[in-house]
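First to last, the protein sequences are chains A and B.
Per this note's numbering, the very first residue in the first sequence carries number 6; after that it's consecutive.
Per this note's numbering, the very first residue in the second sequence carries number 338; after that it's consecutive.
Even glycine gets a Cβ: it sits at the ideal position worked out from N, Cα and C.
The structure presented is a predicted model; accordingly, all values stated were derived computationally and were not measured.
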Amino acid sequence: MTALPLAADLGAARSQMAFTLGFHIVLASLGVAFPAMMLIANYRGLKRDDADALLLAKRWSKAVAVTFAVGAVTGTVLSFEFGLLWPEFTGRFGKVFGVLFAIEGIFFFLEAIFVAIYIFGWKRLSPWAHFWSGVPLVICGIGGAFSVVAVNSWMNQPQGFSPTTGNVTSVQPLKVIFNDAVPYEVPHMILAAYLVTGFLVASIYAVGMLRGRRDRYHRLGLLIPLTVACIAAPIQFFVGDTAARAIAHNQPIKFAGMECVQQTSTDVTEYIYGRCTSDGVKGGIGIPGFDSFLVGFSTDTQVTGLDSVPPDDRPPANTMLHWAFDTMVGICTMMIALGFWLGLAWLRRRDIPRTTWFLRAVAISGVAAIVAMECGWIVTEVGRQPWVVYNVMRTKDAVTDSSGIWVTLTLILLLYALLGIALVVVLRNMSRRWREEGDTDSDVPYGPSGGVPSEVTP
Amino acid sequence: MSEADAVAVVLWVGATMYAVFGGADFGAGFWSLVAGGERGGRARELVDWAIGPVWEANHVWLIFVLVVLWTGFSEAFGSIFSTLFIPLSLAALGIVLRGSGFAFHKAAHRLKGRSVAERLFGVSSLLTPFFMGTVVGAIASGRVPVGNAQGDPFTSWFNPVSLVIGALFVSTSAYLSAVFLVSDARRAGAPDLEQYFVARAFVAALVAGALAVAGLIALHADAHYVYDGLTSDALPLVILSALCGLGVLFLLSRGAQRGVRPLAVGAVVAVVWGWGVAQHPYLLPTNLKISAGAAPSDTLTSVLIVFGAAVLLVIPSILLLFTLAQRSLIEEGPGPASQPPT
Ligand code: HDD
Ligand code: HEM
Ligand code: HEM
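Structure follows, in structure tokens:
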């Protein structure tokens, strides 16, 4: 059964890892940031005696329960894949980065417990005790994201272990946990989670409003997550810019790949889109000297090019990398613009902009945020190739020798497609039933049946 | 005890928790699958109601085991997962199906999809314990060599020991779960369901006992190291487990209310630790010793620290959850009606 050529299995393994991570990360983002939105609504509901806000919090908590359950499933698959796909990587470095996952385990555990308390506590806990039972969810979300993303940061900036070839015999856990890529990668991902959740939830209510449901409930449902996301967007721009500069220094080949820099030189042109070829960028909009300027605040800054390493050490699919990066930056810019639009209207009239164009923009912002996040991961992961641990271990040396990954890949594609469809259908059905019959159903996996706090039954 | 042994103990604690709580969960899926007809509907309601609030937490134990294994004993993790690619992929498939079936079956109510979701939930509850059992059999019988996919992709887990242990895992889950459901039925005030699950717990206990004996015979033929361990160092634990099992049968036949649950759990815990003792000091008998496969000391220390922190944080939280549930401060939703609909 070892007849299949290895290279084919490497491709399958990478595709499977990328696909399952790309799927999980959407649910994970909701798991990180949705509880915060829910608590904001809950807080507002209690402070101002606002029945609409309480109802939102209540319904969001049910959505959290469903996405959390599916997130746990896809996350478990990822843990299996560390062994099923990358036994050499985990077998050699598990002892180095594993502690971070152990820490993550605590956060997930607490999260699972407090999700149950919050969901089941709507009716019987006192309102404020109930509110506080949700607060650990926010903290655990951030802590969990830190732990996992720090592993990825370590793959980008491996340190805190020796020797770098062969069996690892000594580990410095603190250096691993706080590796050089953590300061920009972790905040960037946590902000991304808030952006994805904020815009996604807002976009659902925007669609409802476009269909004529313009009551206060819908406006609040749009406004709370949208405000959070619009505040996060400019911060994200700043953090992403810092990340890019850091990468130009500590992972120069990744930077060269995503900016299509062929030769090491100064006065490098920044291209927006365009096709990457071995003799420069074809097409696209070029801004002379700007790439050097972005890296070192002066057009004289030298930028490392792909020619500084042998072809075998360069990332594949440069054009895709470059486009992924530009798309992420472009979407972030548009998010900031959307924020300005909302901010101006709010300052003038204490209301969201009246034009339906605004609602249309919000309606697509959710998908756009997911696209930006997936693009960011493409930049990180594909840009690091051919290394799984930057400059230490090649991806082809990390993969399993067992065959049959094409089978699991096919199965997973099918299964996850069904899972995704089922998730969307179930969430839509939940919301339709809420509209038509109120919240009387037992519709969450481990939620109570019925259970609107009686005072807010619409 | 060396640091590596301490981490192995932590690993075993996780495995025990997963065997008990995860096992009871899988067993519940089993009963919901085999329950047919009208009374079966009520049994499924009870299953739903009983595992609702704790399901998510039960599941995390598996992650815990995987993470401790790959952190503390990276090489063993890589070797197990590459050689046993097929059964572990199937176990993961079971987890995906089961998790989604569970996540959706309530939300999908009134839809046609509900019964499909329930079916999935049930079938996949068989898949995961069975294939986990074959993995345990493969490790116990020394079929997992060190290295990247060095063992045989098929015979490593498709052999008598593995298959018997797989079946044993399924029956043990069913047995544990039936015992738990007896108490749950009592709590829900449904005497008919109590009877229903007493009968099933009895049968499942007999089947599990028979399979345990079959397992010992298979180990004797094929896994000498573990067999020798089970019949020497670990013998007291094996006897304890058998006594607990007999005790459960006795109590159930007398219709006793107390003591059944602790005894049932005791039987499973004793077996899991018996296995651990039997294969000590090996991680992969007789290919890799705990001391040889362990991570560097700083990593082991960190794992122990994190474990300590986890105990300090998680146990009070779990106690909080259970206290709130006991005091009915978090509601559980209506249980199945106390009388069957007439
Ligand atoms: C909503 C999502 C989102 C938005 C609006 C942005 N990013 Fe981003 N970006 C991500 C979501 C993301 C991400 C998916 O979360 C990544 C992948 C790894 C990571 O930590 O964050 C990422 C990675 C990532 C990397 C690679 C990090 C690495 O390889 O270590 C760079 C250089 C940037 N981003 C730069 C930017 C810039 C300059 C942005 C805006 C001007 C920007 N990102 C907006
Ligand atoms: C969650 C969002 C993530 C996405 C969308 C993502 C995306 C990807 C992609 C696209 C690849 C394939 C690379 C290629 O084809 O060239 C990949 C590979 C991989 N990623 Fe990530 N990644 C994510 C996060 C992580 C994290 C947090 C980790 C580790 C903790 C990780 C570990 C890996 C590993 C081990 C591989 C296989 C080796 C490789 O091809 O680089 N990824 N991922
Ligand atoms: C950037 C990447 C990731 C983030 C931010 C993230 C975050 C999360 C979050 C918040 C959850 C809770 C479930 C939910 O709320 O939906 C979750 C579940 C999980 N994640 Fe990820 N995750 C990431 C990548 C990974 C990777 C690479 C692994 C691989 C080991 C992983 C393993 C898990 C596991 C095992 C669970 C289930 C835990 C449970 O049962 O509660 N995650 N993840």
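Cβ of residue i within 8 Å of Cβ of residue j?
i: H327/A; j: C235/A; result: no
i: A541/B; j: S508/B; result: yes
i: T247/A; j: Y189/A; result: yes
i: Y395/A; j: M160/A; result: yes
i: F94/A; j: A373/A; result: no
i: W368/B; j: L518/B; result: yes
i: A601/B; j: L383/B; result: no
i: N47/A; j: F136/A; result: yes
i: L228/A; j: I357/A; result: yes
i: E379/A; j: G27/A; result: yes
i: G76/A; j: H29/A; result: yes
Got a sec? Which residues, its chain only, sit under 7 Å from residue i by beta carbon, not counting five neighbours each side?
i: L364/A; result: A211, M214 and L215
i: L406/B; result: L348, A413 and F414
i: A366/A; result: L343
i: G289/A; result: Y276, I277, Y278 and G279
Tell me, please, which residues DSSP counts as bridged to residue i.
i: G291/A; result: Y276/A
i: T385/A; result: Answer by DSSP bridge pairing: none, since T385/A is not bridged.
i: G466/A; result: Chain A is shown from 6 up to 463; residue 466/A falls before or after that span and cannot be answered.
i: Y210/A; result: Its beta-bridge partners do not exist; DSSP assigns none.
i: M398/A; result: V394/A
i: Y619/B; result: K626/B
i: V308/A; result: S270/A
i: F166/A; result: V176/A
For residue i, would you say it is in contact with chain B, using Cβ-to-Cβ distances shorter than 8 Å as the test?
i: E442/A; result: no
i: V397/A; result: no
i: T81/A; result: yes
i: E275/A; result: no
i: P132/A; result: no
i: I111/A; result: yes
i: P92/A; result: yes
i: V457/A; result: In this predicted model, V457/A has a pLDDT of only 24, less than 50, meaning its place in the structure is not dependable enough to derive any value.
i: S175/A; result: yes
Counting only beta-carbon atoms, is residue i nearer than 8 Å to chain A?
i: P618/B; result: no
i: D635/B; result: yes
i: I655/B; result: yes
i: A525/B; result: no
i: E412/B; result: yes
i: W610/B; result: no
i: A475/B; result: no
i: H396/B; result: yes
i: V404/B; result: yes
i: S437/B; result: yes
i: V344/B; result: no
i: T465/B; result: no
i: S419/B; result: yes
i: V651/B; result: yes
Excluding the 5 residues flanking residue i on each side, which residues of the same chain have their C-beta closer than 8 Å to its C-beta?
i: P320/A; result: I258, K259, G262, L326, V387, G388, R389, Q390 and P391
i: P453/A; result: Confidence in P453/A is poor, its pLDDT being 38 and thus under 50, which makes the residue's placement too unreliable to answer from.
i: L90/A; result: A18, Q21, M22, V404, T405 and I410
i: D54/A; result: none
i: T679/B; result: Confidence is the limiting factor: at T679/B the pLDDT is only 38, short of 50, which leaves the residue's position unreliable and the question unanswerable from this model.
Keeping to the same chain, check which residues put their C-beta closer than 6 Å to that of residue i; ignore five residues upstream and five downstream.
i: R537/B; result: A515
i: F298/A; result: T304
i: T72/A; result: L32 and L35
i: A551/B; result: V501
i: C145/A; result: F112, L115 and E116
Quick check: is any heavy atom of ligand 5 less than 7 Å from the C-beta of residue i?
i: E109/A; result: By its list of ligands, the structure shown excludes ligand 5, since it contains just ligand 1, ligand 2 and ligand 3.
- Using a beta-carbon distance cut-off of less than 7 Å, what residues from the segment 481-493 of chain B approach chain A? N485, A486 and P490
- Message: Please identify, using Cβ separations under 7 Å, the residues of the segment 21-43 of chain A that lie next to chain B, in order along the chain.
- Response: none
- Using a Cβ-Cβ cut-off of less than 7 Å, list which residues of the segment 178-199 of chain A approach chain B; keep chain order. P178
- If you measure beta-carbon to beta-carbon, which residues of the segment 201-226 of chain A are closer than 7 Å to chain B? none
- Message: Give me the subset of the segment 422-433 of chain B whose CB atoms are less than 9 Å from a CB atom of chain A, sorted by chain position.
- Response: F422, I423, L425, S426, A428, A429, L430, I432 and V433
- Task: Note down, in chain order, all residues in the segment 136-166 of chain A with a beta-carbon under 7 Å from any beta-carbon belonging to chain B.
- Result: none
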